[in-house]
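Per our numbering, the very first residue in the sequence shown carries number 1186; after that it's consecutive. All C-beta atoms in this analysis are idealised placements derived from N, C-alpha and C, irrespective of residue type, glycine included. Let me begin by presenting the structure, written as structure tokens, before commenting on it.
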Amino acid sequence: MKKDYVCKDSELATEGATDLWEGSLIDQLITEVILSSHSRAAALAVDSAAAKLMQNAENVSEYLSLRHQGLQQSIQSLQANITSLLADIRKIADCQEQVTADVRMAMEEIDARTRELLT
């Protein structure tokens, strides 16, 4: 007999809880909160991805700017080195011409003195 009361009390409690649940509309509120959160989650994910892309774009831009500056300096340095090398080549050519002229004059002088000695 005690089991019957427990079963009836249990059934009444379950029925009461179900009525209370349905009357409170909490399930509808929870559903609305979940749906709202779900729709906001997608927007937040897109916003987060966009922010990350912007950060990556700024990092890439900064890196490329630094590389550009480095390359510009390298180009300027190479141009300065080329100019210096061309100047050195001109100096070497001038020195070579001078040495050739000096050797020619020395050879002519040797030739002239040799002829003087032989005559």
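- When secondary structure is reduced to three states using DSSP, residue 1210 falls in the coil class, being assigned neither helix nor strand.
- In the structure shown, residue 1304 adopts coil according to DSSP, grouped into three states.
- Residue 1208 and residue 1217 have their C-alpha atoms roughly 16 angstroms apart.
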